[in-house]
Amino acid sequence: MKKTIGYNIESDVKAEASNDKNCPYTGNVSIRGKMFEGTVVSANMAKTVKVEWETMVKNTKYSRYFKTRTRVAAHNSDAVSAKLGDKVLIAECRPLSKTKKFVVIKVISEANE
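Here the sequence shown stands for residues 10 to 122, numbered as in this note's numbering.
Right, here's the structure in full:
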């Protein structure tokens, strides 16, 4: 059963009922906090992907900007199933494990093969 997650997100979630309790659409995880867009850089773990995005940070002493890279682990349910190189939207949720505090909401664009 597909449920609303509280945000106006148009996603093409697969309609089959998954047994994943950590899925934001079919499970018991509520979305709260910030949302980020990033690229999947690793998809080798079971139901987990590593998502990375870059931000520009200003160094006030030298009045220059430099790039920083943030890399987090996110839960990848069967309903979304992001793959390596995909651009995804992730959202903050309750801690799902020691390192996972985000969940993949939707795949924005597929990876170019």
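Glycine included, every Cβ here is placed at the ideal spot set by N, Cα and C.
Starting from the C-beta of residue i, find all residues in its chain whose C-beta is less than 8 Å away, skip the five residues before and the five after it, and write them out in chain order.
i    : result
P104 : K110
A91  : V49, A52, V58, N85, V97, V113 and V116
G42  : A100, E101 and C102
D29  : T35, G36, K56, S86, D87 and A88
Would you list the residues sitting across from residue i in a DSSP beta bridge?
i    : result
S51  : K59
V113 : I99
K76  : M65
S118 : K96
A82  : K59 and K109
Just checking: is the beta-carbon of residue i within a distance shorter than 7 Å of some beta-carbon in chain D?
i   : result
M65 : No chain D appears in this structure, which consists of one protein chain only.
Tell me whether residue i is buried or exposed, calling it buried when 16 or more other Cβ atoms sit within 10 Å of its Cβ.
i    : result
N123 : This structure cannot speak to residue 123, because the chain is shown only from 10 to 122.
L98  : buried
A120 : exposed
V38  : buried
Going along the chain, which residues of its own chain have a beta-carbon closer than 7 Å to the beta-carbon of residue i, five neighbours each way excluded?
i    : result
I117 : E46, K96, V97 and L98
Excluding the five sequence neighbours on either side, which residues of its own chain have a C-beta within less than 6 Å of the C-beta of residue i, listed in chain order?
i   : result
C32 : S86 and A88
A82 : T57, K59, T108 and K109
Would you mind giving the Cβ-Cβ distance between residue i and residue j, rounded to the nearest angstrom? I have them listed as a contact below 8 Å.
i   : j   : result
E61 : R80 : 4 Å
M65 : Y74 : 5 Å
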